[in-house]
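Shown next, in C-alpha cells, is the structure this report addresses.
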Amino acid sequence: MELKVLEKTPFSLRLLVKGISLHTLNSIRRIILSEVPTMAIDYVIFIENSSVFYDEYISHRLGLIPLRSDIAYDKYKPPEECIEIGETQQYPPDCFAKFDLEVEGPEEGIRVVYSGDLVASDPDVVPVYNNIPLFKLIKGQKVKFEAYARLGRGKEHAKWSPVSIAVHKYVPNILINEQECTGCGKCVDACPKNILELTNGKARVKNQVLYECTMCKLCEKVCEVRAIKVSHVENEYILYLEFTGALSPKKTLIEASNILIKKLDDFEEKLKSMGVLQ
Ligand code: SF4
Ligand code: SF4
1023 MELKVLEKTP FSLRLLVKGI SLHTLNSIRR IILSEVPTMA IDYVIFIENS SVFYDEYISH
1083 RLGLIPLRSD IAYDKYKPPE ECIEIGETQQ YPPDCFAKFD LEVEGPEEGI RVVYSGDLVA
1143 SDPDVVPVYN NIPLFKLIKG QKVKFEAYAR LGRGKEHAKW SPVSIAVHKY VPNILINEQE
1203 CTGCGKCVDA CPKNILELTN GKARVKNQVL YECTMCKLCE KVCEVRAIKV SHVENEYILY
1263 LEFTGALSPK KTLIEASNIL IKKLDDFEEK LKSMGVLQ
C-alpha cells in the first residue's frame, strides 16, 4: 500500500491511497467514524436552572462539545466498562472526567455562556474550542450543574465520533484523444470544476486540479466527436477526513488500524475455534 498526503491542516487530511481494495479502505473509514473512542459529556446533574433553556436542551449542547481525548485514551476505562456505571449515577474518576458550572445573569444585558466557562476537573480533558455558545442568561437567572464525560464510540452517538466527515472517492482518469479533438472548447465550458483547458487548440487536463474532478462526465456528454473519456484508476482512492479536534489525525488513524487488526484477529480465532480454520 502507498500513501501520499495531498492536503493537511490541523483539522483535515486528504490522502491518496494506492494498492488497497475499496472494501479495506471502507472498513478503515467506517471504523474511524464509529469505533474509535473519544471523550464526550454523557451525564449532567442540574442543581439549579432558572434560565429559559430546558435541562435537556443544555445537556444536548454540552454533549456535542468536542473534548480533547488524546491523553484520556490511556487514562480512562473503555466505554463498555463505564456505560452501566453512569446509569446508576456513580461516576468513578477512572471512568469519568467532571465539569462544573455555576453562572448567573448580569445586572444589565445578556450573558452568553461558552464552552470555555466550564471548569474541568482534568486538565487533559477540556473543550477543543472555548468559544462554543451554550446558552444565554439575563438578570435573575442562574444555572448550576455537574457534567460527566466518558469515553464512547460514534456507533453509540455521533458526539463520540472523532470526525465530522469521512469520505472516499475514486481517482479520476481523464483521457483525451488528441487526433479526434477539434478544439471546440465545449468540454472546457461544461466542466463545473474547471479541470480542463485548451492548449494549442486541444483540450487538456490541468494536472494540479485533477483530484477535484467529480467524475460527473458532463465533458463526455458535450463532446460531439467523443474525444474525451472519463473513468477511474483501479485500486487508487482519495480519503478525506475532517476532524472534530478530539483526537489528532495521527492518533485517529493509528487507533482505527489497531481496531481493524483486532477485529480480524478475533474473527480468525473464532473460525479456528469452530474448526473452520486450522
Ligand atoms: S469537447 Fe471534445 S472536441 Fe471539443 S475540445 Fe473538448 S475534447 Fe476536444
Ligand atoms: S467529469 Fe465532470 S468534473 Fe471531471 S473533468 Fe469532466 S466535467 Fe469536469
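In short: position in the sequence shown from 1, add 1022, done, that's our numbering.
We put the beta carbon where it would ideally sit given N, CA and C, even for glycine.
Note that the coordinates shown come from a computational prediction; the quantities given were computed from them, not determined experimentally.
- C-alpha of residue 1205 to C-alpha of residue 1221: approximately 9 Å in a straight line.
- Shown here for residue 1047: same chain residues with a beta carbon closer than 7 Å to its own, the five before and five after excluded, namely 1039, 1190, 1259 and 1261 in chain order.
- Contact between the segment 1155 to 1165 and the segment 1115 to 1135 is present: three or more C-beta pairs spanning the two stretches fall below 8 Å.
- Taking 7 Å as the cut-off, the C-beta of residue 1251 does not count as close to any heavy atom of ligand 2.
- Shortest gap from the CB of residue 1227 to any heavy atom of ligand 1: 7 Å or more.
- Between residue 1184 and residue 1269, the C-beta spacing is below 8 Å.
- Neighbourhood of ligand 2, defined by CB distance below 7 Å to any of its heavy atoms: 1194, 1196, 1209, 1212, 1213, 1214, 1215, 1217, 1218, 1235, 1236, 1237, 1238, 1239, 1240, 1241, 1242 and 1252, in chain order.
- Note on residue 1023: under 16 other CB atoms within 10 angstroms of its CB, so exposed under the neighbour-count rule.
- With 16 or more other CB atoms across the displayed protein chains lying within 10 angstroms of its CB, residue 1137 is buried.
- The three-state reading of DSSP puts residue 1122 in strand, counting E and B together.
- One alpha carbon belongs to residue 1202, the other to residue 1264, and they sit about 42 Å apart.
- Shown here, residue 1172 sits in a strand according to DSSP, grouped into three states.
- For residue 1186, the uninterrupted beta strand (DSSP E) segment begins and ends at 1185 to 1198.
- Linking residue 1079 to residue 1233 through their CA atoms gives a straight-line distance of about 41 Å.
- By the C-beta criterion, the segment 1207 to 1217 is judged not to be in contact with the segment 1085 to 1100, since fewer than 3 inter-stretch pairs fall below 8 Å.
- With respect to the 8 Å criterion, residue 1271 and residue 1175 are not classified as neighbours on the basis of their beta carbons.
- Here residue 1062 is bridged, per DSSP, to 1172.
- With a contact defined as Cβ atoms closer than 8 Å, residue 1251 and residue 1197 qualify at about 5 Å.
- Between the alpha carbons of residue 1249 and residue 1209 lies a distance of about 10 Å.
- Between residue 1069 and residue 1121, the beta carbon gap of about 13 Å keeps them out of contact (Cβ cut-off 8 Å).
- Here the alpha carbon of residue 1134 sits roughly 16 Å from the alpha carbon of residue 1076.
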